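Protein chains: 2
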Amino acid sequence: MELSEREQLILHAVVHTYITTAEPVGSRTIVKRLGLGLSPATVRNVMADLEEAGYLEQVHTSSGRVPTNRGYRYYVDYLMRVQELTIAERNRIERELSEKLNDADEVMRQTSHLLALATHHAGIAESPRDTAAVVRNVEIMSLGGSRFALLIADNYGRLKSLLMSPSVSIAETDVAPLRNFLNEALRGVSVNNIHEAIASRIAQLTDEYRRLAVWAVSMVSTLPREKAPELYLEGAEQLMELPEFRDINRIKEVFAFFGERDRLLELLRAGIQDGPPKTTVVIGGENTGCGLEEVSVIASPYCVDEEPVGMIGVLGPRRMPYSHLTAVVEYTAGIVSRLLTRLAR
Amino acid sequence: MELSEREQLILHAVVHTYITTAEPVGSRTIVKRLGLGLSPATVRNVMADLEEAGYLEQVHTSSGRVPTNRGYRYYVDYLMRVQELTIAERNRIERELSEKLNDADEVMRQTSHLLALATHHAGIAESPRDTAAVVRNVEIMSLGGSRFALLIADNYGRLKSLLMSPSVSIAETDVAPLRNFLNEALRGVSVNNIHEAIASRIAQLTDEYRRLAVWAVSMVSTLPREKAPELYLEGAEQLMELPEFRDINRIKEVFAFFGERDRLLELLRAGIQDGPPKTTVVIGGENTGCGLEEVSVIASPYCVDEEPVGMIGVLGPRRMPYSHLTAVVEYTAGIVSRLLTRLAR
DNA sequence: GTTAGCACTCTTGTTTATTGAGTGCTAAAA
DNA sequence: TTTTAGCACTCAATAAACAAGAGTGCTAAC
Numbered sequence: 069m070e071l072s073e074r075e076q077l078i079l080h081a082v083v084h085t086y087i088t089t090a091e092p093v094g095s096r097t098i099v100k101r102l103g104l105g106l107s108p109a110t111v112r113n114v115m116a117d118l119e120e121a122g123y124l125e126q127v128h129t130s131s132g133r134v135p136t137n138r139g140y141r142y143y144v145d146y147l148m149r150v151q152e153l154t155i156a157e158r159n160r161i162e163r164e165l166s167e168k169l170n171d172a173d174e175v176m177r178q179t180s181h182l183l184a185l186a187t188h189h190a191g192i193a194e195s196p197r198d199t200a201a202v203v204r205n206v207e208i209m210s211l212g213g214s215r216f217a218l219l220i221a222d223n224y225g226r227l228k229s230l231l232m233s234p235s236v237s238i239a240e241t242d243v244a245p246l247r248n249f250l251n252e253a254l255r256g257v258s259v260n261n262i263h264e265a266i267a268s269r270i271a272q273l274t275d276e277y278r279r280l281a282v283w284a285v286s287m288v289s290t291l292p293r294e295k296a297p298e299l300y301l302e303g304a305e306q307l308m309e310l311p312e313f314r315d316i317n318r319i320k321e322v323f324a325f326f327g328e329r330d331r332l333l334e335l336l337r338a339g340i341q342d343g344p345p346k347t348t349v350v351i352g353g354e355n356t357g358c359g360l361e362e363v364s365v366i367a368s369p370y371c372v373d374e375e376p377v378g379m380i381g382v383l384g385p386r387r388m389p390y391s392h393l394t395a396v397v398e399y400t401a402g403i404v405s406r407l408l409t410r411l412a413r
Numbered sequence: 069m070e071l072s073e074r075e076q077l078i079l080h081a082v083v084h085t086y087i088t089t090a091e092p093v094g095s096r097t098i099v100k101r102l103g104l105g106l107s108p109a110t111v112r113n114v115m116a117d118l119e120e121a122g123y124l125e126q127v128h129t130s131s132g133r134v135p136t137n138r139g140y141r142y143y144v145d146y147l148m149r150v151q152e153l154t155i156a157e158r159n160r161i162e163r164e165l166s167e168k169l170n171d172a173d174e175v176m177r178q179t180s181h182l183l184a185l186a187t188h189h190a191g192i193a194e195s196p197r198d199t200a201a202v203v204r205n206v207e208i209m210s211l212g213g214s215r216f217a218l219l220i221a222d223n224y225g226r227l228k229s230l231l232m233s234p235s236v237s238i239a240e241t242d243v244a245p246l247r248n249f250l251n252e253a254l255r256g257v258s259v260n261n262i263h264e265a266i267a268s269r270i271a272q273l274t275d276e277y278r279r280l281a282v283w284a285v286s287m288v289s290t291l292p293r294e295k296a297p298e299l300y301l302e303g304a305e306q307l308m309e310l311p312e313f314r315d316i317n318r319i320k321e322v323f324a325f326f327g328e329r330d331r332l333l334e335l336l337r338a339g340i341q342d343g344p345p346k347t348t349v350v351i352g353g354e355n356t357g358c359g360l361e362e363v364s365v366i367a368s369p370y371c372v373d374e375e376p377v378g379m380i381g382v383l384g385p386r387r388m389p390y391s392h393l394t395a396v397v398e399y400t401a402g403i404v405s406r407l408l409t410r411l412a413r
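If you read the protein sequences in the order shown, they are chains P and U. Residue 72 in our numbering sits at position 4 of the first sequence; the count goes up by one each step and never skips. Residue 395 in our numbering sits at position 327 of the second sequence; the count goes up by one each step and never skips.
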């Protein structure tokens, strides 16, 4: 499993060359590229060893070598160095993710857009999870005809609205006290715990409030328990430019996959299975059973007050410039964290 | 320009056959298809005439004929009969567009989804235009720290929220009167005329209210003047199945086009340029300069209280089953109209 | 006006060579 | 023991040649 220094050098060169050219790479190319005093024959021997160990493969006898999933994995884990971004790139990211955005959904949409543009791959961004959101304010909007809208603003500036026609009838004059009651009961509560918060609040009530409580319960009970977070995906059409997707069936698979939000989300979250979330690279759909042999994903968590609340990332062909994209995604995640932390206080 | 009965018959047969097979159609095929006592040679003569007149063309000498844009146009305008939907199809549409949906955006998203599924083409739906929307209710949500959200509910159950930090400071106790003032001033006003409504309202004010008016103006003035309506697009990936898009470049063009919402909207609205809106077929990107030679669009307006307020449609290859899709789109538009009319009162 | 017959055209698919990049292996050199 | 030069071999990709087939246009006969 341990690779010698020379093997590492050559594996690195093969992966790197293949990433830039998309062509199987032969021994002569490597010799020229490395500029060491080695002959093609020597390199061939090493490559044969690497193939035997499962890091490279040949698309057919007597073609150049191509990295396997394992080869990419070794490259990503041990060989590549995360590239430094240029000043221009940093500036661009900071500029596009300006402070002007004033709710988390806008931030995330803009993030996916930015990632797509900056990387020329598909950009993905997940809105902060409800488990990490807290109720900031509740409003009741009377729509006439015994219909109401319940509006819940969270600490990310997001607004959730729910139409309801409660079975109990509520007089106009009761709306204001009910609003106050709901605010008192729910402010600061996790968006995911609204049901419990209301229930526990009721236990402490004096009779005077009990009437309001009944209404509140009937309103809140119509709230769905858990909502899938918004998922923004942009720039997918850029993948069609790439040679690995010249085959229409490949690109069809990928787009069909994009249609299934939950599987996409699952892939994005591969990095938070156990332990603290961190930047994760999924190569060729490893371990996901998603059937996408040809795609890789780089995903980073973003945080609010040091607490990870969602993921952003890019999706592209297995042959993607990992070292550069990792840098872009991580840097962007940092900016998003800063932005949302400020927004959420 | 007038076609003889036989010419019409044959043009119809060519278009219809080409639509189903996607292969250039020859004289023999037509003879078999029509079952008249005509020989291939006769049909050939007629086809040659139709070609000369610009209704058909050959992809190369001695291939079968293929309809031109003009041929499709003649077919759509004079020859095809809008197909009756089966009971099953009607039921399906009614079922999927249930009364459960309680705001217009949900309805339109579901509509685009339904159209995509039912037609196997790309389904498009535009949310009711703001010009046709009326303010139903206004709320102010105080977010603390002199920040407020202005919430405007329209008669379609849609909610627009706006964050603002007014320069004048507003006390908590003033929020309720301000809310009442805004509701009084804006209820029933067209969403597009909010600015004017506030302005004219101020002219009639007693001093007592003038203080509120100043705040109201400062709030409303931050509202954007006109917003592009939501546009829902679904099922685009199904187009990749079709032989005309087997070429990766074609499909790339189409998806790039889908990225440009405004141009897509323009295409959808081709049917409301002058005169009352009606179902419209745009063939091969006719007159739109959108550069999409290979796509056609069928679009129908939907109405609220007999007033057209938006468009829905399907987008597919030029070779699309016009007679069936027209029926589906029109029928769906009818259901959407009924649904929204009920929703909006 | 219609049609049978025929020569002609052009696509599509198949076969056959040719080329070139790249390999594995062996034996000699370091 | 490690490296390398040399050589035979493999395989994809490209081009050329060929056959088959679908369809046409035209002419002359019905």
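Glycine is no exception: its CB is placed at the ideal position from the N, C-alpha and C atoms. The structure displayed is predicted, hence computed values, not measured ones.
Start-end ranges of the beta strand (DSSP E) lying completely within the region 69-127 of chain U, minimum 3 residues: Fully enclosed beta strand (DSSP E) runs of 3 or longer: 124-126.
With contact counted as at least three CB pairs below 8 angstroms, one residue from each stretch, are the region 258-267 of chain P and the region 197-215 of chain P in contact? With a cut-off of 8 angstroms, the region 197-215 of chain P and the region 258-267 of chain P count as touching, because enough Cβ pairs lie within range.
Taking a cut of 8 angstroms between CB atoms, which residues from the region 214-240 of chain U lie near chain P? Legend: CB atoms of the region 214-240 of chain U lying less than 8 angstroms from CB atoms of chain P belong to residues Ala217, Leu219, Ala221, Gly225, Leu227, Ser229 and Leu231.
Pairs of beta-carbons, one from the region 358-367 of chain P and one from the region 170-180 of chain P, closer than 8 angstroms: are there three or more? No, the region 358-367 of chain P does not touch the region 170-180 of chain P.
Is it buried or exposed, Val127(U), if we count other Cβ atoms within 10 angstroms and call 16 or more buried? Label assigned to Val127(U): exposed.
Less than 8 angstroms between C-beta atoms, sequence neighbours within five positions excluded: which residues of the same chain meet that for Tyr146(U)? Gln76, listed in sequence order.
Counting only Cβ pairs nearer than 8 angstroms, list the residues of chain P close to Met209(U). Listed along chain P, the residues sitting closer than 8 angstroms to Met209(U) by beta-carbon distance are Asn205, Glu207, Leu219 and Ala221.
Is it true that the region 108-115 of chain U meets the region 77-87 of chain U, where meeting means three or more beta-carbon pairs spaced less than 8 angstroms apart? In this structure the region 108-115 of chain U lies against the region 77-87 of chain U, because at least three pairs of beta carbons, one per stretch, are closer than 8 angstroms.
Just list the alpha helix (DSSP H) runs in the region 236-261 of chain U, keeping only unbroken ones of 4 residues or longer that don't cross its boundaries, in chain order. 240-254, all fully within the region 236-261 of chain U.
Checking the sheet assignment: what are the DSSP bridge partners for Phe325(P)? For Phe325(P), which the question treats as bridged, DSSP gives no partner whatsoever.
His188(U) versus Gln306(U): straight-line alpha-carbon distance, rounded: Across the structure, His188(U) and Gln306(U) are spaced so that their CA atoms are roughly 6 angstroms apart.
Would you kindly work out how many angstroms separate the C-alpha atoms of Thr88(P) and Thr136(P), rounded to a whole number? A direct Cα-Cα distance of roughly 16 angstroms separates Thr88(P) from Thr136(P).
Out of Val93(U), Tyr142(U) and Ile366(U), state which residue places its alpha-carbon closest to the alpha-carbon of Pro345(U). Ranking the options by Cα distance to Pro345(U), first place goes to Ile366(U).
Give the DSSP bridge partners of Asp222(U), in chain order. In the DSSP output, where bridge partners are listed per residue, Asp222(U) has Val203(U).
Just tell me which of Met209(P), Glu312(P), His392(P) and Ala90(P) has its CA closest to the CA of Asp242(P). The shortest C-alpha separation from Asp242(P) is found at Met209(P).
DSSP three-state label for Ser368(U), please. Look at Ser368(U) here: in three-state DSSP terms it is strand.
7 angstroms Cβ cut-off: residues of chain P touching Lys320(U): Simply Glu305 and Met308.
With distances taken between CB atoms, is the gap from Thr400(P) to Ile380(P) smaller than 8 angstroms? Yes.
To the nearest angstrom, report how far apart Ser72(U) and Ile161(U) are at their CA atoms. Approximately 39 angstroms between the Cα atoms of the pair.
Three Cβ pairs or more, each shorter than 8 angstroms: is that satisfied between the region 218-236 of chain U and the region 325-336 of chain U? Cβ pair count under 8 angstroms is below three, so no.
Is Ala324(U) close to chain P, meaning its C-beta is less than 8 angstroms from at least one C-beta of that chain? Answer yes: the Cβ-Cβ gap between Ala324(U) and chain P drops below 8 angstroms somewhere.
Let me check understanding here. Comparing Cα to Cα, which of Leu301(U), Asn170(U), Pro376(U) and Gly352(U) lies closest to Gly327(U)? Checking every option, the nearest Cα to that of Gly327(U) belongs to Leu301(U).
Count the other CB atoms within 10 Å of the CB of Pro389(P); is the residue buried (16 or more) or exposed (fewer)? By the 16-neighbour rule on beta-carbons within 10 angstroms, Pro389(P) is buried.
For a minimum of 4 consecutive residues, which ranges assigned as the alpha helix (DSSP H) are wholly contained in the region 130-177 of chain U? If only uninterrupted alpha helix (DSSP H) runs of at least 4 residues are considered, those enclosed by the region 130-177 of chain U are 137-142 and 155-164.
For Arg337(U), list the residues DSSP reports as bridge partners. Answer is none; Arg337(U) lacks a bridge partner.
Does any residue of chain U bring its CB to less than 8 angstroms from the CB of Ile316(P)? Put simply, the CB of Ile316(P) is near chain U, with a gap under 8 angstroms to one of its CB atoms.
Report yes or no: is there a C-beta of chain P within less than 8 angstroms of the C-beta of Gly327(U)? True, the Cβ-Cβ gap to chain P drops below 8 angstroms.
Buried or exposed, going by whether 16 or more other CB atoms sit within 10 Å of the CB of Gly122(P)? Taking a 10 Å sphere around the C-beta of Gly122(P), we find fewer than 16 other C-beta atoms and assign the residue as exposed.
Proximal chain P residues relative to Asp50(U), where beta-carbon distance stays under 7 angstroms: Residue 50(U) lies beyond the range of chain U shown here (69 to 413); nothing can be said about it.
Note down, in chain order, each residue of its chain lying with its Cβ closer than 7 angstroms to the Cβ of Arg387(U), except the 5 sequence neighbours on either side. Excluding sequence neighbours, Arg387(U) sits near Tyr86, Ile87, Ala90 and Glu312.
Where Gly170(P) meets chain U, residues with beta-carbon distance less than 8 angstroms: Correcting the residue type first, residue 170(P) is Asn in the shown sequence and not Gly. Residues of chain U passing the Cβ test: Leu231.
DSSP has Thr348(P) in a bridge; who is on the other side? Thr348(P) pairs with Ala367(P).
Taking buried to mean at least 16 other C-beta atoms within 10 Å of its own C-beta, is Ile220(P) buried or exposed? With 16 or more other Cβ atoms within 10 Å, it is buried.
Residues of its chain near Thr348(U), where Cβ-Cβ distance is below 6 angstroms and the 5 sequence neighbours each way are ignored: Same-chain partners within the cutoff: Ala338, Gly339 and Ala367.
Taking the CB atoms as reference points, tell me whether Leu383(U) and Ala186(U) lie closer together than 8 angstroms. No. Outside cutoff.
By Cβ distance, which residues of its chain are closer than 7 angstroms to Asn355(U), with the 5 residues on each side in sequence left out? Result list for Asn355(U): empty, nothing under 7 angstroms.
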